[in-house]
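Below you'll find the structure, written out as structure tokens, and then a few comments.
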Amino acid sequence: MTQLQTTLRQLRLSGLMQTLDVRLQEAAAGRLGHGEFLELILQDELNVRHQRMLARRTKAADFRALKTLEDFDWRFNPTINRQQLFELAAGHYLREGKDILFLGPPGIGKTHLAQALGYEAIKQGKEVLYRSIFDLVRDFLKDEAFKQQDKTLRRYLKPDLVIIDDMGLKALPKQSGEYLLEVVMRRYENRSTIMTSNRPLEDWGKLLSDVPTAGAILDRFLHHAITIAITGRSYRIKDSLPPAQESKKTKKPNEPPTAGAAS
Ligand code: ADP
Ligand code: MG
Numbered sequence: 206m207t208q209l210q211t212t213l214r215q216l217r218l219s220g221l222m223q224t225l226d227v228r229l230q231e232a233a234a235g236r237l238g239h240g241e242f243l244e245l246i247l248q249d250e251l252n253v254r255h256q257r258m259l260a261r262r263t264k265a266a267d268f269r270a271l272k273t274l275e276d277f278d279w280r281f282n283p284t285i286n287r288q289q290l291f292e293l294a295a296g297h298y299l300r301e302g303k304d305i306l307f308l309g310p311p312g313i314g315k316t317h318l319a320q321a322l323g324y325e326a327i328k329q330g331k332e333v334l335y336r337s338i339f340d341l342v343r344d345f346l347k348d349e350a351f352k353q354q355d356k357t358l359r360r361y362l363k364p365d366l367v368i369i370d371d372m373g374l375k376a377l378p379k380q381s382g383e384y385l386l387e388v389v390m391r392r393y394e395n396r397s398t399i400m401t402s403n404r405p406l407e408d409w410g411k412l413l414s415d416v417p418t419a420g421a422i423l424d425r426f427l428h429h430a431i432t433i434a435i436t437g438r439s440y441r442i443k444d445s446l447p448p449a450q451e452s453k454k455t456k457k458p459n460e461p462p463t464a465g466a467a468s
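And the structure:
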């Protein structure tokens with residue numbers, strides 16, 4: 206290792222080493238002044254740090270898959286308001302601690318859009334955690350079993366944004382109501398939570414029958430959430446069906462069963 210490399214490491218400036226050779230060549234060729242050179246290599250360091258931060262936070266968010274707004278086909282489902290999603294992506298809701306609720310049948314892009322908003326939040330320097338409701342309950346049960354009191358709760362309270370996916374998809378495990386209420390109520394008006402469900406809010410009481418009042422309480426809390434209700438057909442089966450516009454039939458095609466598949 207050269208002396209320069211050692212010094213850069215000591216100063217924790219190893220990010221700029223990747224592009225240093227190129228910058229030195231540019232400088233030697235007389236294309237960069239001293240000030241310009243310094244400015245450029247420091248910018249290189251900042252860029253590398255930003256990329257590392259994105260990678261670290263994306264990993265910590267534990268997304269099911271990295272989905273972005275750019276990957277989304279906005280023409281497929283006209284009930285989804287592209288402009289609204291891009292406005293949300295700008296992140297004012299995060300600063301106001303507002304919650305978002307994606308509602309609609311399976312396959313229409315709820316998980317995709319929730320994760321895409323999560324990724325946008327990360328790009329703005331926020332900490333995000335993605336969990337399905339099943340993961341959430343499992344995390345809390347494990348925490349109890351290992352007597353790591355409140356470790357899990359802290360993990361769910363700390364991020365700027367927590368995404369809780371898949372409400373209503375399958376029968377919920379026992380104690381779901383208890384844990385979900387704890388997370389949603391403690392984050393309320395302080396930090397944002399995004400939830401997705403294929404059932405309307407009124408039905409959540411039935412889903413969370415272990416806490417008889419859970420539905421009513423969540424209803425009160427999520428009443429002020431920004432609700433994005435999507436209708437239409439599943440994107441998963443789009444290729445097996447004629448495009449909606451060209452189809453003369455008015456009857457909606459039946460969706461094939463999605464046997465236990467995560468949606
Ligand atoms: P949901 O959570 O509503 O059940 P998903 O977000 O899991 O639906 O969507 C199912 C699959 O289809 C995912 O792979 C998702 O990326 C994709 N998808 C859904 N809607 C669109 C769309 N409009 N454009 C591109 N991909 C989409
Ligand atoms: Mg989903």
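Those letters in the sequence shown? Residues 206 to 468, per this note's numbering, in order. Just so you know, even glycine gets a beta-carbon here, dropped at the ideal spot from N, CA and C. No experiment lies behind these values; they were computed from the predicted model shown.
With a cutoff of 7 Å, Asn-395 does not count as near the ligand ADP, since its C-beta is closer than that to no heavy atom of the ligand. DSSP places Tyr-324 inside the alpha helix (DSSP H), whose first and last residues are 315 to 328.
Using a Cβ-Cβ distance cut-off of 8 Å, the stretch 260 to 278 and the stretch 328 to 335 are in contact, since at least three pairs of beta carbons, one from each stretch, lie closer than that value. The beta carbon of Ile-313 lies closer than 7 Å to those of Asn-282, Ile-435, Gly-437, Ser-439, Tyr-440 in the same chain, with the five residues before and after it left out. Taken through DSSP and simplified to helix, strand or coil, Ala-233 comes out as helix.
Annotation for Phe-307: the continuous beta strand (DSSP E) segment containing it runs 305 to 308. Per DSSP, the unbroken beta strand (DSSP E) holding Ile-368 starts and ends at 366 to 372.
Spanning the alpha carbons of Arg-236 and Asp-365 requires a straight line of approximately 44 Å. In the same chain as Ala-294, and ignoring 5 residues on each side of it, the C-beta atoms closer than 7 Å to its own belong to Leu-274, Leu-322, Glu-325, in chain order. If you check the C-beta of Asn-282 against the ligand ADP, you find a heavy atom less than 7 Å away. Nearest Cα to Gly-382 within the set Ala-232, Leu-358, Val-416, Val-389: Val-416. A residue is called buried when at least 16 other Cβ atoms come within 10 angstroms of its Cβ; Gly-238 does not meet this threshold and is exposed.
Met-400 has Leu-306, Ile-369 as its beta-bridge partners, per DSSP. In the same chain as Glu-394, and ignoring 5 residues on each side of it, the C-beta atoms closer than 7 Å to its own belong to Gly-302, in chain order. Less than 8 Å separates the beta-carbon of Leu-299 from that of Lys-331.
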